[in-house]
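Residue numbers (our numbering): 35 to 369.
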Amino acid sequence: MTQTAVVTDFTVGDMWEQLPEYTKRANELGVTTNDVYAAATLYYQQGLKTNEVIAVSNETLKMARIAGIEAAEATDYMTAALRGFNMEINETSAKRVNDVYSELAAITASDTQEISVAMTKVASLAHNANMEFETTAAFLSQIIETTRESAETAGTALKTVIARFSEVKELYSEGELLGTDEEGLEIDVNKISTALRTAGINLNEYLTGVKGLDEIFLELAKKWDSLSTVQQRYIATQAAGSRQQSRFIAMMSNYDRTIELVGAANNSAGASQEQFNKTLDSLETKLAKLKDAWDEFTMGLANNEVIKGAVDLLTLLLNTINKMTGVLPGCTSSL
Numbered sequence: 035m036t037q038t039a040v041v042t043d044f045t046v047g048d049m050w051e052q053l054p055e056y057t058k059r060a061n062e063l064g065v066t067t068n069d070v071y072a073a074a075t076l077y078y079q080q081g082l083k084t085n086e087v088i089a090v091s092n093e094t095l096k097m098a099r100i101a102g103i104e105a106a107e108a109t110d111y112m113t114a115a116l117r118g119f120n121m122e123i124n125e126t127s128a129k130r131v132n133d134v135y136s137e138l139a140a141i142t143a144s145d146t147q148e149i150s151v152a153m154t155k156v157a158s159l160a161h162n163a164n165m166e167f168e169t170t171a172a173f174l175s176q177i178i179e180t181t182r183e184s185a186e187t188a189g190t191a192l193k194t195v196i197a198r199f200s201e202v203k204e205l206y207s208e209g210e211l212l213g214t215d216e217e218g219l220e221i222d223v224n225k226i227s228t229a230l231r232t233a234g235i236n237l238n239e240y241l242t243g244v245k246g247l248d249e250i251f252l253e254l255a256k257k258w259d260s261l262s263t264v265q266q267r268y269i270a271t272q273a274a275g276s277r278q279q280s281r282f283i284a285m286m287s288n289y290d291r292t293i294e295l296v297g298a299a300n301n302s303a304g305a306s307q308e309q310f311n312k313t314l315d316s317l318e319t320k321l322a323k324l325k326d327a328w329d330e331f332t333m334g335l336a337n338n339e340v341i342k343g344a345v346d347l348l349t350l351l352l353n354t355i356n357k358m359t360g361v362l363p364g365c366t367s368s369l
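(1) May I ask you to verify whether the stretch 156–175 touches the stretch 237–252, counting CB pairs closer than 8 angstroms and requiring at least 3?
(2) On a Cα-Cα basis, can you pick out the residue from D43, Q265, V345 and N68 that is closest to Y78?
(3) Whole angstroms is fine: what's the gap from A171's alpha carbon to A299's?
(4) Does DSSP put L212 in a helix, a strand or coil?
(5) Who are D222's beta bridge partners in DSSP?
(6) Please classify I123: does DSSP put it in a helix, a strand, or coil?
(7) Under a Cβ-count criterion, where at least 16 other Cβ atoms within 10 Å of its own Cβ denotes burial, should T109 be classed as buried or exposed?
(8) How would you call K129, buried or exposed, if buried means at least 16 neighbouring beta carbons within 10 angstroms?
(9) Could you round the C-beta distance between A191 and Q278 to whole angstroms and report it? I think they count as a contact, below 8 angstroms.
(10) Report the three-state DSSP secondary structure of L369 (helix, strand or coil).
(11) Rounded to a whole number of angstroms, what is the C-alpha to C-alpha distance between N288 and V296?
(12) Does the beta-carbon distance from T75 to V41 come in below 8 angstroms?
(13) Could you say if the stretch 202–222 and the stretch 171–189 meet the contact criterion of at least three C-beta pairs nearer than 8 angstroms?
(14) When the distance is taken between beta carbons, is D69 closer than 8 angstroms to L53?
(15) Go ahead and pull the three-state DSSP assignment for M35.
(16) Could you check what DSSP says for L116 in three-state terms: helix, strand or coil?
(17) Measuring alpha carbon to alpha carbon, tell me which residue in N120, M112, A139 and D290 is nearest S302.
(18) What did DSSP end up calling E183 once you bin it into helix, strand or coil?
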């Protein structure tokens, strides 16, 4: 309560008055009252109003329950997605993120936490490359599923590829042809353009803003199986650099699966609520409700005026005794 009050215009007393509402929300969501305060505090710190905080934090806490993660973690993951893709910080956007993660986690060998962690690495760069949130999440899920590498590795891999193409676009806008990516590897605009052209992909459509980078990737994935192994490796090296070549190939190698995941992400509305409903009958939820009831009881005692008056009286008594002993002969202390 104090932490929330510190970052808002509320007083601690105001937060005490809101305790029944926070407890009610905790019970409805199957989380602890402390989780509700934790999520709310982090969103208040971002400048959201109370109605916005309630709506977004409710969706975030649902994510936490579905993924089995802490409320603060879920808030960080949700914020990274919303801010990274410049979405409105509201209930609709939060549901969109939650639904996409939930649906992809249900149909791939990845989970909500892995997709969320990977997305923290790449969100803002992907948005700047005009990629859609749903497509980006699908690509990340496919990389994790195919390689079974860590979420951090998958996210960093896609980030590196996108950063490489972003650098290509910047070089193009400046009339330059040569540069280096964030890993220090050479970028040759002509070589990358030529490599993609061998697969019938027109890089200029990305460079001039006609298409987003995800559209270029989907077009390439559609034609990938028709290419020779030599062509595939050459394109992967030019597009992703030698260090991320294998992960880029993993992202391109199964077009049918890619389209399935992109389609699932784009039609995921309601997926998170369906999964969240299944968590409400779990032992964890019932234990959370028990803890909420106990916390409400003990916190009620802590805010009891009689008890607080007794504590103040005892404090006054002890201060008086300390003053008296301090002036009596022989009561000085030494260290």
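Just so you know, even glycine gets a beta-carbon here, dropped at the ideal spot from N, CA and C.
Model, not experiment: these values are computed from the prediction.
Put simply:
(1) yes
(2) Reading the sequence shown from its first residue, position 44 is the one you call residue 78. It is D43.
(3) As a first step, residue 171 must be located in the sequence shown, where it is residue number 137. As a first step, residue 299 must be located in the sequence shown, where it is residue number 265. About 8 angstroms.
(4) Numbered from 1 along the sequence shown, position 178 holds the residue referred to as residue 212. Here L212 sits in strand by DSSP.
(5) As a first step, residue 222 must be located in the sequence shown, where it is residue number 188. Looking at the DSSP assignment, D222 forms a beta bridge with L212.
(6) Here residue 123 is taken as the residue at index 89 of the sequence shown, counted from 1. I123 falls in the coil class under three-state DSSP.
(7) If you number the sequence shown from 1, residue 109 lands on position 75. The residue is buried, with at least 16 neighbouring Cβ atoms inside 10 Å.
(8) Counted from its first residue, the sequence shown places residue 129 at position 95. Buried, by the Cβ-count rule.
(9) Your numbering for residue 191 matches position 157 in the sequence shown. Your numbering for residue 278 matches position 244 in the sequence shown. Indeed they touch by this definition, with Cβ atoms about 5 angstroms apart.
(10) Translated into the one-based positions of the sequence shown, residue 369 becomes position 335. At L369 the pLDDT is 44, less than 50, meaning the model places this residue with poor confidence; the figure from the coordinates comes in the next sentence. Here L369 sits in coil by DSSP.
(11) Within the sequence shown, residue 288 is the residue found at index 254, counting from 1. Within the sequence shown, residue 296 is the residue found at index 262, counting from 1. When rounded, the distance between both Cα atoms is 12 angstroms.
(12) By one-based count along the sequence shown, residue 75 stands at place 41. By one-based count along the sequence shown, residue 41 stands at place 7. Yes, Cβ-Cβ distance for T75 and V41 is below 8 angstroms.
(13) no
(14) Here residue 53 refers to the residue found at position 19 when the sequence shown is read from its first residue. Here residue 69 refers to the residue found at position 35 when the sequence shown is read from its first residue. In this structure, D69 does not lie closer than 8 angstroms to L53 by Cβ.
(15) As a first step, residue 35 is located in the sequence shown; it is residue number 1 there, counting from the start. Reduced to three states, the DSSP call for M35 is coil.
(16) One-based indexing of the sequence shown puts residue 116 at position 82. DSSP places L116 in helix when its eight states are reduced to three.
(17) The sequence position of residue 302 within the sequence shown is 268, counting from 1. Comparing Cα-Cα distances from S302 to each of N120, M112, A139 and D290, the minimum goes to A139.
(18) To locate residue 183, count along the sequence shown from 1; it is residue 149. It is coil, neither helix nor strand.
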